[in-house]
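Protein chains in written order, with my numbering: chain H, 1 to 173; chain F, 1 to 412; chain Y, 1 to 119; chain C, 1 to 202. We treat Cβ as the ideally placed atom computed from N, Cα and C, and that holds for glycine.
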Amino acid sequence: MPDATGLELIAQRVRESVGDDSVTDTIFYRGRATLDVAPQSVHDVIAYLRDDDQEPWDRLMSLHGVDYLPAEPRLGVHYELLSMERADRFNVRTRVGVEDPRLPTVVDVHPTANFQEREVYDMFGVVFEGHPDLRRILMPEDYEGYPQRRDFPMGGEPVIYTFNEPKLPRWYD
Amino acid sequence: MTEALDVPYRERERSVTMESIGEEHDELLTINIGPHHPATHGVLRLLTTLEGEIVRDVTPIIGYVHTGIEKSCEDQQYWKVIPFVERMDYLSYYFNAMAFCLAVESLLEEEVPARAQWLRVIHLELNRIASHLFWIATGSLDIGAITMLWWGCRDRDLALDLFEMSGGQRFHTRYFQVGGVIEDIPPGFEEMTRKFIKTMYTRIEQYLSLLDRNEIWLQRTKGTGIVPLETLLQLGVTGPLLRAAGHPWDLRKAMPHSGYENFDFTVPVGTVGDNYDRFRVRVEEMRQSLRIVEQALDGLPEGPYITANRKVALPPRHELATSMEALIHHFKLVTEGFRVPAGESYAAVESPRGELGCYVLADGSSKPARVHVRDPSFVNLQALPEMARGHLLADFITCVAMLDPILGGVDR
Amino acid sequence: MLKSYLPALVFLLLGIGIGTAFTLANYALGPARRPIGMKREPYESGLPSDVRKSFRFGISFYLIAMLFILFDIEVVFLYPVAMKLEVFGVFALVETVVFVVLLLIALVFVWRRGALEWK
Amino acid sequence: MEVTRTKIDGDSLRVRQLKAQQLLRGELEDADLEREVEQRLLFTKLETAQNWARKNALFPLGFGLACCAIEMITVIGSPRNDLSRFGAEVTRFSPRQADLLILSGRVSVKMAPIIRRLYEQMLEPKWVIAMGACSSSAGMFNNYAVVQGADKFLPVDIYVPGCPPRPEALIYGIMKLQDEIMGDPSMGWRERYRAEGTEEIA
Chain H
1 MPDATGLELI AQRVRESVGD DSVTDTIFYR GRATLDVAPQ SVHDVIAYLR
51 DDDQEPWDRL MSLHGVDYLP AEPRLGVHYE LLSMERADRF NVRTRVGVED
101 PRLPTVVDVH PTANFQEREV YDMFGVVFEG HPDLRRILMP EDYEGYPQRR
151 DFPMGGEPVI YTFNEPKLPR WYD
Chain F
1 MTEALDVPYR ERERSVTMES IGEEHDELLT INIGPHHPAT HGVLRLLTTL
51 EGEIVRDVTP IIGYVHTGIE KSCEDQQYWK VIPFVERMDY LSYYFNAMAF
101 CLAVESLLEE EVPARAQWLR VIHLELNRIA SHLFWIATGS LDIGAITMLW
151 WGCRDRDLAL DLFEMSGGQR FHTRYFQVGG VIEDIPPGFE EMTRKFIKTM
201 YTRIEQYLSL LDRNEIWLQR TKGTGIVPLE TLLQLGVTGP LLRAAGHPWD
251 LRKAMPHSGY ENFDFTVPVG TVGDNYDRFR VRVEEMRQSL RIVEQALDGL
301 PEGPYITANR KVALPPRHEL ATSMEALIHH FKLVTEGFRV PAGESYAAVE
351 SPRGELGCYV LADGSSKPAR VHVRDPSFVN LQALPEMARG HLLADFITCV
401 AMLDPILGGV DR
Chain Y
1 MLKSYLPALV FLLLGIGIGT AFTLANYALG PARRPIGMKR EPYESGLPSD
51 VRKSFRFGIS FYLIAMLFIL FDIEVVFLYP VAMKLEVFGV FALVETVVFV
101 VLLLIALVFV WRRGALEWK
Chain C
1 MEVTRTKIDG DSLRVRQLKA QQLLRGELED ADLEREVEQR LLFTKLETAQ
51 NWARKNALFP LGFGLACCAI EMITVIGSPR NDLSRFGAEV TRFSPRQADL
101 LILSGRVSVK MAPIIRRLYE QMLEPKWVIA MGACSSSAGM FNNYAVVQGA
151 DKFLPVDIYV PGCPPRPEAL IYGIMKLQDE IMGDPSMGWR ERYRAEGTEE
201 IA
């Protein structure tokens, strides 16, 4: 795991090559290095990290979405990068608002992101531009709403325990 | 619900278009090797376009056993999340619980005592053997060796007896806790495990004697389902599939966690990368796991089986009668659960199907804000169309068998 | 003349009788429930099937079917000979051997022509 | 069908065999013949005979959903506790040849229409076992993705509790189903324990 200084170096290199405003923040917490990236430059940062950086991060292990509800740019997308030569992990994170959740796809850089981006679209509603086949993957095709957002109701049925339910129907409402 | 079915199914599956196959054939048949099928190891739907016996195009369509586990986890306290996470990849349940516990422990910066780590390794490797046994049972059933189903299930029952002895139940035992293990192993556990190891060595010879010199098995598995190593790496495939193609990437060796560094075992690596190599790699992995369990039993350290930090671990029952603090800790843990400081963590474990990572986002309360499990079968499934295009339908079924997808993990 | 064919006739009648008995028994013994919903639909692993009636199978299936008929039905001719071998004597034995050798030649020809590989 | 068992020692067994031999050869006269036939024959209704035949030849539909499917395959596949003792170990994968649907696992919203279609395509008479907590009542997954109990869209005969239920529990469930097929009055625990007031609230 690149330590705090290593993270700053990587951030510095990314800023030089990809663009000054691409890296918004670097977080090093509990031994985990996270690079916050501006939404539109995700594709370039990941491509840079894979190809031209001197310490390449050549494998994308996991791509998943998160809903930081109270925090403002609500939807976050994480890219867990792994370098097999150095047996090291690195995390790139972007934050996207709910009003227009648009992100450039990384399927051309890492083909493994195909299913995982479809799952983030299905569960959180983040649209990945340029994805070859962006459809719902887990929910039925014609399902409305994005189930894993924190404001989406949990669903299911209220469990009825009381013995006086017949007398006071749905007292818990 | 019925009107959703009147919409003709084909129009809604826009992804299977004929362009990818080139000129128009009137003999092309698009059928569903669908959710209910003997060879799909669960409810995986493979929309395949066939030209006679040759598979032209495959589109895996999943989601038929999606249970919204990750959403349910956000509504549970930390120690109640473990049963949910265990039911994702229901053949390697210890690995799910392990990944989650590692993630939460790294957030809490909790130090797990040595005995707990070794107990965890014993149960992880026994679970790997049980998972591979079930794979060899149903995988060879798909190819036609019915005997393997009885043999595989018979020996798998022995392993499940061990889980029942230590964890109380055959499946989803919730034996792993955040900070260690819930209970020390009962006295007779060690002898039964050693007896199991002795029988398993001979049983693996039996499997190989039945399958390895069987001409039908060799012709069905040799040379089928070959995918170049570079494509596998780009598709993010990990686990036996990647090792069979010649890339020795095993998280237990590369990034050892919870005591794997003090066991010596070898990582089996294939050469050609076809179905036969996948078969041999998994069978060899069973032997290596037996060796690990043997070494772990020999050198099992003494000491506590769970962390002494009472903020996280329940105090032992007998202490409740005497000490007031234990009672308060017990009450606090049982009613509200322990709080995890805000932060994120991602921990990965080498499950029988590949890298199984668990991402936990904690917001300081006693319930995780987000639990995501990176399931190996979900990612490995993308390599299936690469294996099947242009080959016979029979080889395609062998590829699905050797890919060993677990649909609970794929659909979460 | 009729005497010698009686067993064959009885056998035929029995076959037809048992066959129709089983098919009709279903209506007599089975529960009288009207078929509901998609009972008539073709089964395609639980999904509505789109295979058009006009779909024609490839030529290779036809070839395999022909080869099967050619080589597998010959076994039927060996049964009567095998039953009564001692009555027919050595002549029948030689005849069946010739018959099998002819088949082998045909098999080698087909095999060399590559009709057995799946195209 | 009450069956009384009497102890047969050496010589009376020999006598019985001789008597049966004479019966088959037709050498018995009227009094002996009457008594022998009386002991040997079994009179039953066609209905009971039919149910008895159906009970002992259940063809489960090979239908795995989730973790309970692994236990179901272990019940069918493992020699320790297998289903062939009840004549039910032949799992047919086409609904046209199956008459018992074991719902082993969680029924997701996307899978429900497919299960309904399979159920309708199955042979008559058909039975449904909801194996495990998830198909009986969606178990612990009280959320948007799981149908809250398979009896919302299927008539379920037997609910097998457990998550996953032990193989012996599933076999006990199948034995209970066999009793139900025979129309055994012992089914229905509410009547047996006179448990008024515990009916489910629909």
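DSSP, read as helix, strand or coil, puts H:Leu168 in coil. Beta-carbon to beta-carbon, C:Leu100 and C:Pro60 are separated by about 5 Å, close enough to satisfy the 8 Å threshold. Around the beta carbon of C:Phe43, fewer than 16 other beta carbons lie within 10 angstroms, which makes this residue exposed.
Checking the DSSP bridge columns, you'll see H:Ile27 partnered with H:Thr34. Linking F:Leu47 to F:Leu232 through their CA atoms gives a straight-line distance of about 22 Å. The continuous stretches of alpha helix (DSSP H) do not include C:Trp127, which lies in the beta strand (DSSP E) extending over residues 127-131. For chain Y, none of the residues of the region 142-165 of chain C brings a beta carbon within less than 7 Å of one of its beta carbons.
Nearest CB-CB separation between F:His257 and chain H: not below the 9 Å threshold. Residues of chain Y whose Cβ lies closer than 7 Å to the Cβ of F:His36 are, in chain order, Ser45, Gly46.
H:Met154 and H:Pro147 have their C-alpha atoms roughly 8 Å apart. Within the region 15-74 of chain F, the runs of alpha helix (DSSP H) that reach at least 4 residues and sit entirely inside it are, in chain order, 69-73. By the Cβ criterion, the region 63-77 of chain F is not in contact with the region 309-323 of chain F, since fewer than three pairs of Cβ atoms, one from each stretch, lie closer than 8 Å. A distance below 7 Å between beta-carbons, with the five flanking residues on each side excluded, links C:Gly149 to the following residues of its chain, in chain order: Ser136, Ser137, Ala138.
Cα atoms of C:Gly162 and F:Ile197: separation of roughly 29 Å, rounded to the nearest angstrom.
With a cutoff of 9 Å on beta-carbon distance, F:Ala97 and F:Val360 are scored as not near each other. In terms of Cβ geometry, C:Pro79 and F:Arg154 form a close pair [threshold 9 Å]. In this structure, the beta-carbon distance from C:Glu180 to C:Asp151 does not fall below 9 Å. In the three-state reduction of the DSSP assignment, F:Tyr346 falls in the strand class.
Chain-order list of chain F residues neighbouring C:Lys110: Gly63, Tyr64, His66, by C-beta distance under 7 Å. Neighbours of C:Ile70 across chain F, judged by C-beta separation under 7 Å: Tyr90, Leu91, Phe134. Contacts with chain F at 9 Å (Cβ-Cβ) do not include C:Ala31.
Three or more Cβ pairs drawn from the region 120-136 of chain C and the region 63-77 of chain C lie within less than 8 Å of each other, which places the two stretches in contact. Interface criterion met: the Cβ of F:Glu53 is under 9 Å from a Cβ in chain Y. Here Y:Trp111 is exposed, its C-beta having fewer than 16 other C-beta atoms within 10 Å. Secondary structure of C:Cys163 (DSSP, three-state): coil. A distance of 9 Å or more separates the beta carbons of F:Val121 and F:Ile306. H:Thr94: member of the beta strand (DSSP E) spanning 88-96, first to last residue. Residue environment: F:Ala145 is assigned as buried (16 or more neighbouring CB atoms within 10 Å of its CB, all protein chains considered). Judged by pairs of C-beta atoms under 8 Å, the region 83-97 of chain F does not touch the region 259-269 of chain F, as fewer than three such pairs exist.
Against chain F, the beta carbon of C:Ser78 has neighbours under 8 Å at Trp150, Cys153, Arg154, Arg156, Asp157, listed in chain order. For F:Asn127, same chain residues with a beta-carbon under 6 Å away, outside a window of 5 residues either side, are Ser92, Tyr94 in chain order. Between F:Leu28 and F:Thr49, the gap from beta carbon to beta carbon is short of 9 Å. For secondary structure counted as the alpha helix (DSSP H) over 4 or more consecutive residues, the region 302-360 of chain F holds these complete runs in sequence order: 317-322, 324-335. Distance from the CA of F:Pro113 to the CA of F:Gly180, rounded to the nearest whole angstrom, comes to 7 Å.
The beta carbon of F:His132 sits closer than 7 Å to the beta carbons of Arg282, Glu285, Met286, Pro352 from its chain, once the five residues preceding and following it are set aside; these are given in chain order.
Under the Cβ distance rule, C:Ala138 counts among the residues neighbouring chain H, one pair being separated by less than 9 Å.
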